[in-house]
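Asks: For reference, each letter of the sequence shown is one residue, going 24 to 357 in the numbering used here.
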Amino acid sequence: TGELAIPIGLHISWNFFQGNVFGFPVSGADFRSATLIQIQQSGPEWLTGGAFGPEGGFLGIISNLLGILLIILWIKIRTGKVGLQTTISLPPAVKSKTSNPSSGSNTTELFQGIQHIIWDWNGTLLNDLGLCLETINDMLYERGLNSVSPSTYLDIFGFPVRDYYIKLGFDFSEEPFEEISTEFIRSYEAGRPGCTLMDGARELLQFFYTTELSQSILSASKNSYLEHAVLDYKVQDYFVLIEGLDNHHAASKLSLAEEHLDKLHIPPSSILLIGDTLHDADIADKLGLRCCLIPNGHHSKQRLEKSSATLVDSLAALRKLYISSLEKSIQIPK
24 TGELAIPIGL HISWNFFQGN VFGFPVSGAD FRSATLIQIQ QSGPEWLTGG AFGPEGGFLG
84 IISNLLGILL IILWIKIRTG KVGLQTTISL PPAVKSKTSN PSSGSNTTEL FQGIQHIIWD
144 WNGTLLNDLG LCLETINDML YERGLNSVSP STYLDIFGFP VRDYYIKLGF DFSEEPFEEI
204 STEFIRSYEA GRPGCTLMDG ARELLQFFYT TELSQSILSA SKNSYLEHAV LDYKVQDYFV
264 LIEGLDNHHA ASKLSLAEEH LDKLHIPPSS ILLIGDTLHD ADIADKLGLR CCLIPNGHHS
324 KQRLEKSSAT LVDSLAALRK LYISSLEKSI QIPK
């Protein structure tokens, strides 16, 4: 045994790294064979490091223990019990307690292949539900009609808004729809400066702005009102395109959406539309966009669950979902 240059531990270490780290073509059988042969050649002194001579016992024990640990690690890796992977280290704020952020499907793939986000404005980025309820109830009161509760509003509001007004009890034979719509918008615009952005909206827009994703706004609001509002909230710089309708009757934004896509020059399959109503989901379906709905706006969660869109509970949850997709995309499989 004294003729050996180094103890078995170092041979084990070299065999392990040679076959599993440096990528040399050494099979598991070759590794085990080399190890067993070295033990047999070393004789009873292999554990105490006799190969180093009378004064090498301590160093030999250390090297051999290292070799044993590497054997154990090698066995676990080869049997799949240990996987090597790397993930992004997230700040504590992002690693806060988690819950199921969505009741929809395919949440983990929501951002896969996405290059651009189209945002709805009212009820998605702008928190104007309270103002809409106050405005419409004032109009109903003036006409002697029953007021609408928040829960009823969420269940009947929709596009075209003309149908929604009929459900509320307005009689277009007595008052033209255009006059009713104009009255609502006049009162709404007077109160709109008192509205705020949704919780986390500004931070999320800024966050996406720092990524490779571009952003735009597609709204059923009249374009001139929309542009003025976006400027008021100082978020205009986050968007490459801001578009609303050429009127305030809010019939549909499907035609506008088609024009919007033509200007973006991005494949529909690479675009995510984020909104708060079934109308947003319908547009996404017809144009081949991916869709995410957030139930904090003008439709109830129960209504939104009937769509095929992914449902995410809040803008904060949407951000966590995006970060999770980044983590998943950089994992190294076993």
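Every residue gets a Cβ at the ideal spot worked out from N, C-alpha and C, and that includes glycine.
So, at 7 Å on beta carbons, what are the nonlocal neighbours of L279 in its own chain, with the 5 sequence-adjacent residues on each side left out?
Replies: Counted from its first residue, the sequence shown places residue 279 at position 256. Correct list, in chain order: L241, E266 and L268.
Asks: Between the region 144–162 and the region 309–327, can you find at least three pairs of beta-carbon atoms closer than 8 Å?
Replies: Flag = yes, the region 309–327 and the region 144–162 touch.
Asks: According to DSSP, is N246 part of a helix, a strand, or is it coil?
Replies: Mapped onto the sequence shown, residue 246 falls at position 223. Looking at N246 - three-state DSSP - the assignment turns out to be helix.
Asks: What is the rounded straight-line gap between the Cα of L191 and the Cα of G146?
Replies: Sequence index remark: in the sequence shown, residue 191 carries index 168 (1-based). Sequence index remark: in the sequence shown, residue 146 carries index 123 (1-based). Our two residues, L191 and G146, have alpha carbons roughly 20 Å apart in a direct line.
Asks: According to the neighbour-count rule (16 or more other Cβ atoms, all chains shown, within 10 Å of its Cβ), is S244 buried or exposed?
Replies: In the sequence shown, counting from the first residue as 1, residue 244 sits at position 221. Under this definition S244 is a buried residue.
Asks: I'd like to confirm the pairing. Which residues does DSSP put opposite R313 in its beta bridges?
Replies: For the purposes of this step, residue 313 is taken as residue 290 along the sequence shown, with counting starting at 1. According to DSSP, R313 bridges with L295.
Asks: How many angstroms separate the CA atom of S170 from the CA atom of I159?
Replies: Taking the first residue of the sequence shown as position 1, residue 170 is located at position 147. Taking the first residue of the sequence shown as position 1, residue 159 is located at position 136. Approximately 8 Å, taken between the alpha carbons.
Asks: Distance check for D194 and Q135, CA to CA, integer angstroms please.
Replies: Taking the first residue of the sequence shown as 1, we reach residue 135 at position 112. Taking the first residue of the sequence shown as 1, we reach residue 194 at position 171. The straight-line gap from Cα to Cα measures roughly 47 Å.
Asks: DSSP three-state call for S237: helix, strand or coil?
Replies: Start at 1 with the first residue of the sequence shown, and residue 237 comes out as number 214. Strand at S237.
Asks: Roughly how many whole angstroms lie between the Cα atoms of R225 and R166?
Replies: The sequence position of residue 225 within the sequence shown is 202, counting from 1. The sequence position of residue 166 within the sequence shown is 143, counting from 1. Cα to Cα, R225 sits roughly 38 Å from R166.
Asks: From Y188 to L156, what distance separates their C-alpha atoms?
Replies: Your numbering for residue 188 matches position 165 in the sequence shown. Your numbering for residue 156 matches position 133 in the sequence shown. Rounded to whole angstroms, Y188 to L156 spans 13 Å at the Cα level.
Asks: Secondary structure at I289, three-state DSSP: helix, strand or coil?
Replies: By 1-based counting over the sequence shown, the position of residue 289 is 266. Coil.
Asks: Which value, in whole angstroms, describes the spacing of the CA atoms of E367 and E350?
Replies: This structure cannot speak to residue 367, because the chain is shown only from 24 to 357.
Asks: Can the beta-carbon of Q238 be found closer than 8 Å to that of I140?
Replies: The sequence position of residue 238 within the sequence shown is 215, counting from 1. The sequence position of residue 140 within the sequence shown is 117, counting from 1. Against a cut-off of 8 Å, the Cβ pair of I140 and Q238 comes out as a contact.
Asks: Express the C-alpha separation of L327 and T300 in angstroms, rounding to a whole number.
Replies: Here the question's residue 300 lines up with position 277 in the sequence shown. Here the question's residue 327 lines up with position 304 in the sequence shown. Going from the Cα of T300 to the Cα of L327 covers about 7 Å.
Asks: Just checking my contact of K329 with L277 at CB under 8 Å: how many whole Å lie between their CB atoms?
Replies: Along the sequence shown, one-based indexing puts residue 329 at 306. Along the sequence shown, one-based indexing puts residue 277 at 254. At roughly 19 Å, the Cβ-Cβ gap does not stay under 8 Å, so K329 and L277 are not in contact.
Asks: Give every residue of the same chain whose Cβ lies closer than 8 Å to the Cβ of I294, excluding the five residues on either side of it in the sequence, and list them in chain order.
Replies: The sequence position of residue 294 within the sequence shown is 271, counting from 1. Within the same chain, I294 has close Cβ partners I137, Q138, H139, I140, I141, L284, L287, L312 and R313.
Asks: Just mark Y261 as buried or exposed, buried being the case when its beta carbon has 16 or more other beta carbons within 10 Å.
Replies: Here residue 261 refers to the residue found at position 238 of the sequence shown. Result: buried.
Asks: Please report how far the alpha carbon of A339 lies from the alpha carbon of F231, in whole angstroms.
Replies: Translated into positions along the sequence shown, residue 339 becomes position 316. Translated into positions along the sequence shown, residue 231 becomes position 208. Taking the straight line from one Cα to the other gives about 12 Å.
Asks: Does DSSP classify V258 as helix, strand or coil?
Replies: Translated into the one-based positions of the sequence shown, residue 258 becomes position 235. The answer is coil: DSSP assigns V258 none of H, G, I, E or B.
Asks: Grab the span of the alpha helix (DSSP H) containing I265 for me, first residue to last.
Replies: Within the sequence shown, residue 265 is the residue found at index 242, counting from 1. Counting along the chain, I265 falls outside any alpha helix (DSSP H), though it belongs to the beta strand (DSSP E) covering L264 to L268.
Asks: Where I208 and E202 are concerned, what is the direct C-alpha to C-alpha distance, given to the nearest angstrom?
Replies: Within the sequence shown, numbered from 1, the residue matching residue 208 stands at position 185. Within the sequence shown, numbered from 1, the residue matching residue 202 stands at position 179. Taking the straight line from one Cα to the other gives about 10 Å.
Asks: Tell me I140's beta-bridge partners as DSSP assigns them.
Replies: Here residue 140 is taken as the residue at index 117 of the sequence shown, counted from 1. Paired residue(s): Q238 and L295.
Asks: Would you mind stating whether D161 and S210 have Cβ atoms separated by less than 8 Å?
Replies: As a first step, residue 161 is located in the sequence shown; it is residue number 138 there, counting from the start. As a first step, residue 210 is located in the sequence shown; it is residue number 187 there, counting from the start. For D161 and S210, yes; Cβs fall inside 8 Å.
Asks: Who are T219's beta bridge partners in DSSP?
Replies: As a first step, residue 219 is located in the sequence shown; it is residue number 196 there, counting from the start. Partner(s): N150.
Asks: Assign Y345 to one of two classes, buried (16 or more other C-beta atoms within 10 Å of its C-beta) or exposed (fewer than that).
Replies: Here residue 345 refers to the residue found at position 322 of the sequence shown. Y345 comes out buried.
Asks: Going by DSSP, which residues form a beta bridge with N145?
Replies: By one-based count along the sequence shown, residue 145 stands at place 122. Bridge partners of N145: L149.
Asks: Let's see if you can read the secondary structure: which residues bound the alpha helix (DSSP H) around G19?
Replies: No information on residue 19 is available, as it lies outside the stretch 24 to 357 that the chain covers here.
Asks: On the CB-based measure, 16 or more other CB atoms within 10 Å of its CB, does V263 come out buried or exposed?
Replies: As a working note, residue 263 is residue 240 in the sequence shown. Under this definition V263 is an exposed residue.
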